[in-house]
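Below: the structure, in structure tokens.
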Amino acid sequence: MALNAVAQTCFLERGVVMQRRGALAMTLGALIAVTGFMGLGVMATRAAVELPVRDLKITFSKSAREEFVAQIKKFADEHDFEIRVSQSTPDPEDTLVQMWRADAKMLAVHVRDASTQDLRYDVGIYTNGEQPLSMTAVDQLVDGLRLSVKPLPSATFTIMK
821 MALNAVAQTC FLERGVVMQR RGALAMTLGA LIAVTGFMGL GVMATRAAVE
871 LPVRDLKITF SKSAREEFVA QIKKFADEHD FEIRVSQSTP DPEDTLVQMW
921 RADAKMLAVH VRDASTQDLR YDVGIYTNGE QPLSMTAVDQ LVDGLRLSVK
971 PLPSATFTIM K
């Protein structure tokens with residue numbers, strides 16, 4: 821009501837019709853602004869960042885890329901993951917590996933590293949669903965992946981987190 825009074829005072833000399841239109845426009849403008857900001861607040865609370873439970877770094881010789889993909893597929897099969905392997909750019913080295921099952925997701929992404937001639941993949945292990953992934957399950961996945969890439973030429977396996 822106070823907003824209407826302010827609007828009517830601002831438009832006193834313009835006549836009765838303009839008073840009502842001006843008050844209505846100002847009221848609607850204020851209402852839209854308030855609900856718009858409230859809507860933004862709701863949207864901001866919905867946007868959550870999903871962080872990995874464990875970060876890994878795997879490096880190996882460029883000549884072993886096909887063997888790496890084969891070993892990752894074998895790992896996925898042994899640990900009951902569905903898997904998708906795709907090329908993310910026209911460069912065949914830019915391979916993206918996505919694995920998922922009921923309780924866990926894994927993502928392996930090729931990272932260009934000018935400091936080495938080897939290929940580098942960063943691997944993230946994530947919880948899939950509402951229930952947190954047990955540390956026992958995480959450790960089993962890390963150990964299984966370590967064993968899978970161990971035979972690759974020049975392979976290194978680093979736990980980052």
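Just so we're aligned: 825 in this note's numbering is position 5 of the sequence shown, and the numbers increase by one with no gaps anywhere.
Ideal Cβ positions, reconstructed from N, Cα and C, are used throughout, including at glycine.
Extent of the continuous beta strand (DSSP E) run through residue i
i, result
"T936", "No beta strand (DSSP E) holds T936; DSSP gives it neither H nor E."
"K877", "R874 to F880"
Alpha-carbon spacing of residue i relative to residue j, whole angstroms
i, j, result
"T936", "S881", "10 Å"
"L965", "K925", "13 Å"
"A934", "D959", "30 Å"
"V917", "Q891", "12 Å"
"V862", "V931", "Confidence is the limiting factor: at V862 the pLDDT is only 45, short of 50, which leaves the residue's position unreliable, though a coordinate-based value still follows. When rounded, the distance between both Cα atoms is 35 Å."
"V905", "T915", "7 Å"
"E913", "L972", "16 Å"
"D942", "E950", "24 Å"
"A922", "K893", "18 Å"
"T879", "H899", "22 Å"
"M955", "S883", "34 Å"
"F888", "N948", "24 Å"
"Q975", "E886", "Note that residue 975 is Ala in the sequence shown, not Gln. For A975 and E886, the distance between alpha carbons rounds to 14 Å."
"V929", "F977", "14 Å"
"I945", "D911", "25 Å"
"R940", "T909", "16 Å"
Buried/exposed call for residue i, threshold 16 Cβ in 10 Å
i, result
"Q907", "exposed"
"A853", "Bear in mind that the predicted position of A853 carries a pLDDT of just 49, short of 50, making it too unreliable to give a figure here."
"L967", "exposed"
"I979", "exposed"
"L876", "buried"
"L871", "exposed"
Coil, strand or helix - residue i by DSSP
i, result
"V862", "Caution is warranted here: a pLDDT of 45 is assigned to V862, below 50, making its placement in the model unreliable, and the coordinate value is therefore given only provisionally. Note: V862 maps to helix in three-state DSSP."
"A924", "strand"
"F977", "strand"
"G949", "coil"
"L972", "coil"
"L871", "coil"
Residue range of the unbroken alpha helix (DSSP H) whose run includes residue i
i, result
"S906", "No alpha helix (DSSP H) contains S906, which is instead part of the beta strand (DSSP E) from E902 to Q907."
"A957", "M955 to V969"
"E886", "R885 to E898"
8 Å contact criterion, which residue i and residue j should meet: CB distance rounded
i, j, result
"F895", "W920", "Contact doesn't hold; Cβ gap of about 13 Å is too wide."
"R874", "V962", "6 Å"
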